[in-house]
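In what follows, a structure is listed as structure tokens, so that the remarks can point back to it.
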């Protein structure tokens, strides 16, 4: 099922909704995190279509999400430049996802400091062979293209890098596409796991560095880097760059490491 089909039931009106395409976007027993975050973002945008550009977000993955949900969005504060919106997904009568979106109008800059260029530039996505996604969830092989962006594999430095893009590259605006793609990669801590076991995103905090990001042919370079892993959790730094090496997202995520 396409991403368009996934978002079709999200009208911007609060209340029950049936995500008929949810089964095609399942990751384990819940909706894939990027897809559920996109549903919450789309709810906010469709409820309040005149919002300024997105600048930041905080997303809590609270409980599993199925096809029968209740959606809600509320403006928490609307200032002269910044509007803060909360959107939620409830499932089976319980809170399943809560998201806090910060939208901000552009103003004349009083500080300018470009993000650093990506270290150890891997080369263009065309320089790498496509990765097989047959062993992953069905939504990956149906909706994503992915290529390696690092030479190393297996155990080692807790960093995972991949080039990725959507198959339907005209289905979403650039910001929505990055929200859907931003939670795609496994945590960098995967490369330090002593044995195989399930993993689960708990939260995701992101800053959008470019309000209207662009890239070539839909390709984005993603990286997950474990800053600390122990006690069954990993603190992950999530980053995304375009094909010119310009950083577009800076984020943090807490991930549960089971097994």
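Residue numbers (the UniProt record's numbering): 1 to 259. Note that CB positions come from ideal geometry on N, CA and C, so glycine has one too. Every value quoted in this text rests on a predicted model; they were computed, and no experiment measured them.
Cutting at 7 Å between CB atoms, please list the residues of its own chain near residue 35, excluding the five before and the five after it. These residues qualify, in order along the chain: 6, 25 and 180.
Which term fits residue 83, buried or exposed, when burial requires 16 or more other beta carbons within 10 angstroms of its beta carbon? Residue 83 is buried by the Cβ-count criterion.
Examine chain D for any beta-carbon lying closer than 8 Å to the beta-carbon of residue 63, and answer yes or no. Absent here is chain D; the protein component of the structure consists of one chain.
CB residue 128 to CB residue 163, shorter than 8 Å? yes
Inter-residue spacing [alpha-carbon to alpha-carbon] between residue 251 and residue 48: About 25 Å.
Do the stretch 88-99 and the stretch 110-124 touch if we need at least three Cβ pairs shorter than 8 Å? By the Cβ rule, the stretch 88-99 does not count as touching the stretch 110-124, because fewer than three pairs are nearer than 8 Å.
Among 2, 89, 63 and 22, nearest to residue 201 - alpha-carbon criterion: Closest by alpha carbon: 63.
Residues bridged to residue 126 [DSSP beta-bridge criterion]: For residue 126, which the question treats as bridged, DSSP gives no partner whatsoever.
Beta strand (DSSP E) segment containing residue 106, residue limits: Where residue 106 is concerned, there is no enclosing beta strand (DSSP E), given that its DSSP letter is neither H nor E.
Which residues does DSSP list as the beta-bridge partners of residue 230? 233
Quick check: residue 203 and residue 60, are their CB atoms within less than 8 Å of each other? yes
Would you tell me roughly how many angstroms separate the C-alpha atoms of residue 244 and residue 123, rounded to the nearest one? 10 Å
For residue 13 and residue 78, the rounded distance between their alpha carbons: 19 Å
Could you tell me the distance, in whole angstroms, from the CA atom of residue 46 to the CA atom of residue 89? 15 Å
Starting from residue 160 and walking both ways along the beta strand (DSSP E), at which residues does that stretch end? 159-166 is the extent of the beta strand (DSSP E) around residue 160.
At the level of alpha carbons, what is the spacing between residue 260 and residue 241? Nothing can be reported for residue 260, as the shown portion of the chain is limited to 1 through 259.
Near residue 225, what residues of its chain come up, given a Cβ to Cβ distance below 6 Å and the 5 sequence neighbours on each side ignored? 159, 188 and 237
Rounded separation between residue 21 and residue 39 - CA only: Residue 21 and residue 39: Cα-Cα distance of roughly 12 Å.
Quick one, are the C-beta atoms of residue 33 and residue 183 less than 8 Å apart? yes
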